[in-house]
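Heads up: the sequence lines are chains A and B, in that order. Take 1 as the starting number for the first sequence in this note's numbering and just add one per residue. Take 194 as the starting number for the second sequence in this note's numbering and just add one per residue.
2 protein chains.
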Amino acid sequence: MARPREFDRDTALQRAIEVFAAHGFEGSSTPMLLEAMKIGRQSLYDTFGDKRTLYLEALRRYSEESTGATLSAMFDSHAVLQGIEQALLGFADDAVSGTSRACLGIHAVTEFGTSEPDVTAVTDAVAHRTLLAFESRLRDGIERGELAGDLDAMAAAQFLLATLSGLKVAARGGASQATLHGIVGVALRALAA
Amino acid sequence: MARPREFDRDTALQRAIEVFAAHGFEGSSTPMLLEAMKIGRQSLYDTFGDKRTLYLEALRRYSEESTGATLSAMFDSHAVLQGIEQALLGFADDAVSGTSRACLGIHAVTEFGTSEPDVTAVTDAVAHRTLLAFESRLRDGIERGELAGDLDAMAAAQFLLATLSGLKVAARGGASQATLHGIVGVALRALAA
DNA sequence: CTATTTATTGACTGATTGTTCCATAACAAA
DNA sequence: TTTGTTATGGAACAATCAGTCAATAAATAG
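Here it is, written out as structure tokens:
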């Protein structure tokens, strides 16, 4: 019909994710975004709306991918404890790979808390989804006797979610991969039979 | 000698801490700070230097107070596990009290990572101090047989530090006090003999 | 009292913020 | 080729940013 755009929408969005993760919403200026995304000013507003809309789409996109990868790793292994271990270790490895070590999800929570409904909708959804997956898998493990019989599945799920946050913060603060793996090792002790 | 200042420096700084914790460095504008601190523009620059210097002093002040309270709670109890439990529970209670539920320390790490040496100096120092205290107490507990004999004290200390971060992020995301207490309960299982 | 020192107030700066307008360019369908 | 539609690039917008200047006010010391 008309002139096709000269850039790839998805790669531009991916680059925006990195900028927002590294500097937050307030810390990311439009010039910074434009330079990183390698598009012109008008292209940003035509394609993504405004800065806030771009941020929300970046947050949604990041949340889906990040959550999906971690949870699927958990179900890869038949053994429950081993599956959880692989999920946590993979999560930790992702956290230290790359240069910025920043997580858009964590950054969104610390920057906005529960004050912005549009942001909270995304962060709550990913938390809920993760909790349900953890809880289900933990319940299986408890029933099968692979995990401690007196474990509270819901509390343990919330503990694992908090552990993920702790890993991300530690990674952002400069912790080594070995340190993160050590944390995972200790955390798993809380679940073992 | 001359005209005395009309405001209390410490309370003004305390109010600045709340603003920076809630909105981060980039998200806190000078008008926001002035209104919260209830001082005039020139008073801020005369008394605290510029925005960045104020931020660093706020971060230092917050770190000292927050770390001190948590670690002293740990040494209040003779029993090691109980002392750690009280430290974590007190930390969790602090995290849900107040309105903003924000932590300046966590916010500083997620916002700047390791990119700003002045900020990293503070966050690294508080992490190091906390790790040393945890490790020492954990070693005592292992020796006395109150904690698991095969526990790696250093890794467990890093695990506890990550748990603190996880608790703060969960609280900032809206978790209830009961949820945080549940997380603490599961976390302690990783240490028990 | 006067003199000196410091705090406060408000106006003001240049730079940067997010966003829009408009003219031009590039493509597809007729 | 014309026409319709969309993308791009640059200039421009009002608003806000962090920070400064100068005038006034309030205190003490002599």
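Idealized CB from N, CA, C, for every residue including glycine. Everything numeric in this text was worked out from a predicted model, so none of it was measured.
Can you look up ALA363 (chain B) in the DSSP assignment and give me helix, strand or coil? On the second sequence, residue 363 (chain B) is found 170 positions in, with the first residue counted as 1. The answer is helix: DSSP assigns ALA363 (chain B) an H, G or I state.
Using a Cβ-Cβ cut-off of less than 7 Å, give me the residues of the region 65 to 81 of chain A that come near chain B, in sequence order. none
Pull up the distance between the alpha-carbon of LEU249 (chain B) and that of SER221 (chain B), whole angstroms please. Start at 1 with the first residue of the second sequence, and residue 249 (chain B) comes out as number 56. Start at 1 with the first residue of the second sequence, and residue 221 (chain B) comes out as number 28. Going by C-alpha positions, LEU249 (chain B) is about 13 Å away from SER221 (chain B).
Does the beta-carbon of ALA95 (chain A), which I'm using as the reference point, lie nearer than 7 Å to any heavy atom of the ligand GTP? The ligand GTP is not part of this structure, which contains no ligands at all.
What did DSSP end up calling SER151 (chain A) once you bin it into helix, strand or coil? One-based indexing of the first sequence puts residue 151 (chain A) at position 151. In the sequence under discussion, the amino acid at residue 151 (chain A) is Leu, which differs from the Ser named in the question. If DSSP states are grouped into helix, strand and coil, LEU151 (chain A) belongs with coil.
ALA2 (chain A) versus LEU59 (chain A): straight-line alpha-carbon distance, rounded: Within the first sequence, numbered from 1, the residue matching residue 2 (chain A) stands at position 2. Within the first sequence, numbered from 1, the residue matching residue 59 (chain A) stands at position 59. Looking at the two C-alpha atoms, the distance is approximately 30 Å.
Collapsed DSSP secondary structure at ALA385 (chain B) in the structure displayed: By one-based count along the second sequence, residue 385 (chain B) stands at place 192. Looking at ALA385 (chain B) - three-state DSSP - the assignment turns out to be strand.
So what does DSSP say about ALA229 (chain B), is it helix, strand or coil? What you label residue 229 (chain B) is simply residue 36 of the second sequence in a count that begins at 1. ALA229 (chain B): helix per DSSP, three-state reduction.
If you run the structure through DSSP and keep just helix, strand and coil, what is THR110 (chain A)? Position 110 of the first sequence holds residue 110 (chain A). Reduced to three states, the DSSP call for THR110 (chain A) is helix.
Please report the distance separating the alpha-carbon of SER176 (chain A) from that of MET347 (chain B). Reading the first sequence from its first residue, position 176 is the one you call residue 176 (chain A). Reading the second sequence from its first residue, position 154 is the one you call residue 347 (chain B). Cα to Cα, SER176 (chain A) sits roughly 14 Å from MET347 (chain B).
Under the three-state DSSP convention, the category PRO403 (chain B) falls into: Residue 403 (chain B) cannot be examined here, being either before or after the span of chain B that is shown, 194 to 386.
Determine which residues of the region 163 to 175 of chain A have a Cβ less than 7 Å from any Cβ of chain B, and write them out in chain order. THR163, SER165, GLY166, LEU167, VAL169, ALA170, ARG172, GLY173 and GLY174
Along the chain, where does the alpha helix (DSSP H) containing GLY68 (chain A) start, and where does it finish? As a working note, residue 68 (chain A) is residue 68 in the first sequence. Run containing GLY68 (chain A): 51 to 76, per the alpha helix (DSSP H) assignment.
As a quick exercise: from A:VAL186, A:CYS103 and A:THR179, pick the residue whose alpha carbon is nearest that of VAL362 (chain B). Here residue 362 (chain B) refers to the residue found at position 169 of the second sequence. Here the closest residue by C-alpha is A:CYS103.
Where SER290 (chain B) falls, given that 16 or more other Cβ within 10 Å makes a residue buried: By 1-based counting over the second sequence, the position of residue 290 (chain B) is 97. Flag for SER290 (chain B) reads exposed.
LEU247 (chain B): which of B:GLU278, B:ASP203 and B:LEU281 sits nearest, CA to CA? As a position in the second sequence, residue 247 (chain B) is number 54, starting the count at 1. For LEU247 (chain B), the nearest C-alpha among the options comes from B:ASP203.
Taking the C-alpha atoms as reference points, what is the distance between PHE284 (chain B) and GLU339 (chain B)? Position 91 of the second sequence, counted from the first residue, corresponds to residue 284 (chain B). Position 146 of the second sequence, counted from the first residue, corresponds to residue 339 (chain B). Answer to the nearest angstrom: the Cα atoms are 22 Å apart.
Does the CB of GLY283 (chain B) have a neighbour CB from chain A at under 8 Å? Residue 283 (chain B) sits at position 90 when you count from the first residue of the second sequence. With its beta carbon at least 8 Å from every one in chain A, GLY283 (chain B) lies outside the interface.
Check the Cβ of HIS107 (chain A) against every Cβ in chain B and list those closer than 9 Å, keeping chain order. Mapped onto the first sequence, residue 107 (chain A) falls at position 107. Within chain B, the residues near HIS107 (chain A) are THR303 and GLU304.
What residues in its chain sit with their C-beta under 7 Å from that of LEU282 (chain B), if we drop five residues either side in the sequence? For the purposes of this step, residue 282 (chain B) is taken as the residue at position 89 of the second sequence. Excluding residues within five positions, the ones whose Cβ falls inside 7 Å are HIS374 and VAL377.
Can you name the residues of chain B whose CB is closer than 7 Å to the CB of PHE195 (chain A)? Lying outside 1 to 193, the shown extent of chain A, residue 195 (chain A) is not represented and no answer is given.
Compare the C-beta of SER100 (chain A) with all C-beta atoms of chain B and state if any pair is closer than 8 Å. Position 100 of the first sequence, counted from the start, is the residue given in the question as residue 100 (chain A). Yes - at least one Cβ of chain B is within 8 Å of the one on SER100 (chain A).
Which of the residues in the region 215 to 228 of chain B, read from start to end, lie with their CB under 7 Å from any CB of chain A? Among the residues of the region 215 to 228 of chain B, those with a Cβ less than 7 Å away from any Cβ of chain A are GLY217, GLU219 and GLY220, in the order of the chain.
What residues of chain A sit near ASP345 (chain B), judged by a beta carbon separation below 8 Å? For the purposes of this step, residue 345 (chain B) is taken as residue 152 along the second sequence, with counting starting at 1. The contacting residues are GLY182, GLY185 and VAL186.
Host alpha helix (DSSP H) of ALA22 (chain A) (start-end): Here residue 22 (chain A) refers to the residue found at position 22 when the first sequence is read from its first residue. Looking at the DSSP string, the run of the alpha helix (DSSP H) that includes ALA22 (chain A) is 9 to 27.
With C-beta atoms as the reference, is ALA148 (chain A) less than 8 Å away from LEU191 (chain A)? On the first sequence, position 148 is the one that residue 148 (chain A) refers to. On the first sequence, position 191 is the one that residue 191 (chain A) refers to. Going by C-beta atoms, ALA148 (chain A) is nearer than 8 Å to LEU191 (chain A).
Quick one: does THR246 (chain B) have its CB under 8 Å from some CB of chain A? On the second sequence, position 53 is the one that residue 246 (chain B) refers to. Judged by the 8 Å Cβ criterion, THR246 (chain B) is not in contact with chain A.
Through-space distance from GLU18 (chain A) to ALA301 (chain B), alpha-carbon basis: Sequence index remark: in the second sequence, residue 301 (chain B) carries index 108 (1-based). Sequence index remark: in the first sequence, residue 18 (chain A) carries index 18 (1-based). Each residue's alpha carbon lies about 18 Å from the other.
Please list, in chain order, the chain A residues whose beta carbon lies closer than 9 Å to that of THR307 (chain B). Residue numbering aside, residue 307 (chain B) sits at position 114 when the second sequence is read from its first letter. Neighbours of THR307 (chain B) on chain A, chain order: ARG101, ARG172, GLY173 and GLY174.
Are the C-beta atoms of THR372 (chain B) and some chain A residue less than 8 Å apart? One-based indexing of the second sequence puts residue 372 (chain B) at position 179. Yes, THR372 (chain B) counts as interfacial toward chain A.
What three-state label does DSSP hand GLU278 (chain B) in the structure shown? The residue labelled residue 278 (chain B) in the question sits at position 85 within the second sequence. Three-state DSSP puts GLU278 (chain B) in a helix.
Could you name the residues of chain B that ALA16 (chain A) contacts, counting a contact when the two beta carbons are closer than 8 Å? In the first sequence, counting from the first residue as 1, residue 16 (chain A) sits at position 16. Those within 8 Å of ALA16 (chain A) in chain B number zero; the least Cβ separation is about 17 Å.
Assign GLY185 (chain A) to one of three DSSP states: helix, strand, or coil. Locating residue 185 (chain A) in the first sequence gives position 185, where the first residue counts as 1. DSSP, read as helix, strand or coil, puts GLY185 (chain A) in helix.
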